[in-house]
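Working notes, structure below.
Structure, rendered in structure tokens:
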């Protein structure tokens with residue numbers, strides 16, 4: 104090829120590349136960071152006219168205040184967000200939303216629609232945490248605004264695994280809620296919070312959510328046991344008989360399941376490794392072990408009886424019967440099989456160490 | 009170390025990687041309720057056999073391309089045999105462009121119009137095809153170096169939310185093979201068919217080694233399994249089948265607190281998009297090379313430009329996602345033809361060629 108032709112081809116290519124520059128920038132989606140507001144928390148409640156009321160907690164970027172709380176009512180979440188966006192000087196962008204708080208009344212009515220909507224529109228990350236507010240959201244958010252002098256993201260830190268999260272708190276995300284609605288065997292628990300007296304937030308335990316509806320409530324001690332069941336209880340502290348506190352270091356769970364005469368049987372074995380933190384009244388190691396095992400077993404039993412009555416399988420026990428039941432039968436797991444389930448939990452604890460002191 | 013044959017194998021692996029993780033899991037979920045690994049294994053085994061026969065056939069026919077090989081049997085046979093291929097690759101490009109642009113708007117370019125993304129996709133494919141196969145082969149090596157680590161990183165972390173009990177039952181007692189005839193299953197074969205056809209058109213400078221091709225093929229097997237089983241183990245079948253792109257949803261659930269970036273989906277998606285670009289480029293190049301043989305009097309560059317504009321126009325004209333699904337259904341016979349018949353014919357002709365050659369050497 105002669106030189107001139109080479110130059111011509113190169114020239115054509117450069118022209119082509121220049122023509123493509125506008126597409127490379129993705130200019131349709133460009134939006135300056137100071138033209139966006141990035142809410143961290145969204146609150147949703149139902150008004151008396153059966154409309155949604157949405158609260159957005161937007162960390163402020165100016166000097167005078169730390170947090171901005173805006174609210175609006177309407178028929179669909181997206182319409183409300185749009186409306187808020189319209190009335191604000193910036194565009195609301197839900198990309199970094201961390202927590203969705205719904206009020207108890209709404210949770211009891213069923214949240215299936217909004218969870219499906221969250222999963223459909225990809226603005227909201229499916230990792231967003233879910234929580235239920237024990238008090239009215241108006242009250243909750245005004246308390247939050249009053250208390251957030253120092254930082255705008257208290258609630259976020261409260262649930263953050265690296266900051267404020269404890270194994271006594273349930274940790275449920277939007278995708279898990281969505282899964283629980285459609286799955287035959289999984290139900291979830293969601294933390295219940297309210298604004299606290301001395302601390303900003305107080306945890307009231309967890310709500311049992313079945314098919315997107317709140318059906319019952321368990322305490323925070325019971326949540327710890329549930330978390331132990333999910334394998335998330337490490338560093339949880341358990342107090343036994345007002346005298347001793349132990350800390351869970353690790354937990355391991357094994358299951359043995361079988362069917363007999365159409366009745367499901369499940370034997371589970373929970374092995375805990377604990378360390379002793381506090382000891383009043385000088386119990387022996389044997390006594391501590393015995394009492395801890397008895398305590399956990401009875402707590403779990405109680406919780407199990409309760410969920411069995413409500414037909415909400417929060418421990419996902421149906422999972423262990425996937426080998427014994429076919430898909431059609433699993434579909435009826437919650438109604439036909441779960442209420443008849445014969446479930447026994449055996450707890451073994453190993454006291455890993457006694458801290459710095461040799462004996463109790 | 010013998011380095012010949014690596015480039016062809018890498019192009020083959022990269023092309024398939026760009027396809028596997030997007031449409032495949034959702035198609036397979038709608039085709040099967042249980043025992044997904046059976047479906048994957050059957051189609052993968054067919055794929056491996058087809059690939060082996062195709063490569064062997066090509067080698068026996070001693071480094072000539074498919075068009076020549078088919079031409080050695082008769083005058084009209086290549087026309088008859090390769091016209092479906094031409095049609096199939098045209099539709100494959102349209103489907104890929106359309107589906108991928110739709111996915112990009114769903115995931116992160118929510119306000120960019122579809123035509124702009126389609127234009128971007130096809131113009132990059134056009135540039136690649138313009139440069140020819142050897143440049144694309146080099147590009148694929150670069151892509152592998154750049155994007156393997158992010159992809160592996162994301163894949164490792166997506167095991168975070170796995171519940172292994174969803175694996176059960178491994179074999180359903182009532183397992184039947186009805187799914188093999190289901191349209192959804194046949195549509196899912198999209199990822200297996202046609203991705204290796206380019207091997208038959210490679211210029212002599214790029215060699216094919218059977219061993220390396222089969223190694224590349226082996227490497228893809230865990231990827232097929234992961235693309236289906238990661239969503240399945242995270243969500244369970246009942247939920248996973250509701251998603252349009254189950255794999256992307258699975259990666260969206262990954263929570264890495266120490267990572268600077270909130271969503272790792274973008275890394276995964278963009279890495280695989282780069283691979284998909286290569287697939288588009290290779291397919292467009294195959295299309296042009298075939299068309300050039302069909303109408304030799306038109307210069308190749310003119311053909312390429314005409315094809316690009318034509319394909320772009322058709323992909324814009326597709327009104328919606330459902331229509332795309334119907335289109336996928338229509339080309340099932342073509343797909344099966346590309347998947348199974350072409351390798352088989354190549355194998356038979358190559359075998360005959362080899363025997364003839366043997367006999368000639370015996371006589372002389």
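Protein chains in written order, with the working numbering: chain A, 104 to 463; chain B, 9 to 372.
We treat Cβ as the ideally placed atom computed from N, Cα and C, and that holds for glycine.
Being a predicted model, the structure only gives us computed values, none of them experimental.
Next on the checklist: Taking 8 Å as the threshold (beta carbon to beta carbon), is residue 244 of chain B in contact with chain A?
Outcome noted: yes
Checklist entry - Got a sec: which bits of the region 214-227 of chain A sit with their beta carbon under 7 Å from any beta carbon on chain B, in order along the chain? => result 225
Checklist entry - Residues of chain B with CB under 7 Å from residue 430 of chain A, in chain order? => result 41, 42
Next on the checklist: Please report whether the beta-carbon of residue 335 of chain A lies at a distance below 8 Å from any beta-carbon of chain B.
Outcome noted: no
Item to check | Coil, strand or helix - residue 123 of chain A by DSSP | outcome: helix
Next on the checklist: Cutting at 7 Å between CB atoms, please list the residues of its own chain near residue 279 of chain A, excluding the five before and the five after it.
Outcome noted: 291
Item to check | DSSP three-state assignment for residue 308 of chain B, whether helix, strand or coil | outcome: helix
Checklist entry - Does any CB atom of chain B fall closer than 8 Å to the CB of residue 259 of chain A? => result no
Item to check | Proximal residues to residue 288 of chain A (C-beta, below 7 Å), its chain only, five neighbours per side dropped | outcome: 416, 419, 421, 422, 433, 436
Item to check | Within chain A, the residues that residue 182 of chain B reaches when beta carbons sit closer than 9 Å | outcome: 429
Checklist entry - At a Cβ threshold of 8 Å, is residue 327 of chain B touching chain A? => result no
Item to check | Sequence ranges, alpha helix (DSSP H) only - wholly within the region 30-114 of chain B, length at least 4 | outcome: 31-39, 44-68, 74-79
Next on the checklist: Can you check whether the C-beta of residue 385 of chain A is within less than 8 Å of a C-beta belonging to chain B?
Outcome noted: no
Next on the checklist: Contact between the region 101-119 of chain B and the region 177-184 of chain B is defined here as three or more beta-carbon pairs at a separation below 8 Å; is this criterion met?
Outcome noted: no
Next on the checklist: Can you give me the C-alpha to C-alpha distance between residue 375 of chain A and residue 402 of chain A, rounded to a whole angstrom?
Outcome noted: 15 Å
Checklist entry - Using a C-beta to C-beta distance shorter than 8 Å, which residues of chain B count as neighbours of residue 423 of chain A? => result 173
Checklist entry - Looking at the C-beta of residue 147 of chain B, does it have a partner C-beta in chain A at a distance below 8 Å? => result no
Next on the checklist: Measuring only the C-alpha atoms, how far is residue 465 of chain A from residue 111 of chain A?
Outcome noted: Past the edges of chain A, shown from 104 to 463, lies residue 465 of chain A, and the structure says nothing about it.
Item to check | 9 Å Cβ cut-off: residues of chain A touching residue 257 of chain B | outcome: 222, 229, 278
Item to check | Range covered by the beta strand (DSSP E) that runs through residue 356 of chain A | outcome: 347-363
Next on the checklist: Can you check whether the C-beta of residue 140 of chain A is within less than 8 Å of a C-beta belonging to chain B?
Outcome noted: no
Next on the checklist: Looking at the secondary structure, which residues open and close the alpha helix (DSSP H) in which residue 410 of chain A lies?
Outcome noted: 388-413
Next on the checklist: Strictly below 7 Å CB to CB, what residues from chain A border residue 271 of chain B?
Outcome noted: 228
Item to check | Own chain residues within Cβ distance below 8 Å of residue 171 of chain B, not counting five before or after | outcome: 241, 242, 244
Item to check | residue 77 of chain B vs residue 354 of chain B beta-carbon contact at 8 Å | outcome: yes
Checklist entry - Mind checking residue 235 of chain B: buried by the 16 CB within 10 Å criterion, or exposed? => result buried
Item to check | Own chain partners of residue 210 of chain B with C-beta closer than 8 Å, once the 5 adjacent residues on each side are dropped | outcome: 16, 73, 141, 216
Checklist entry - Per DSSP, residue 367 of chain A forms a beta bridge with which residues? => result A/362
Checklist entry - So, using beta-carbon positions, are residue 96 of chain B and residue 343 of chain B closer together than 8 Å? => result yes
Checklist entry - Does the region 187-204 of chain A come close enough to the region 77-94 of chain B to have 3 or more Cβ pairs within less than 8 Å? => result no
Checklist entry - residue 106 of chain B and residue 326 of chain B look like a contact to me (Cβ under 8 Å); what is the Cβ gap, rounded to whole Å? => result 5 Å
Item to check | Against chain B: residues of the region 112-124 of chain A by CB proximity under 7 Å | outcome: 123
Checklist entry - Taking DSSP as the reference, what is the three-state secondary structure of residue 11 of chain B? => result coil
Item to check | Assigned secondary structure, residue 317 of chain A (DSSP; H/G/I helix, E/B strand, else coil) | outcome: strand
Checklist entry - Under 7 Å Cβ-Cβ, which residues of chain B neighbour residue 426 of chain A? => result 176, 177
Checklist entry - Interface residues of chain A around residue 261 of chain B at Cβ under 8 Å? => result 229, 230, 276, 278
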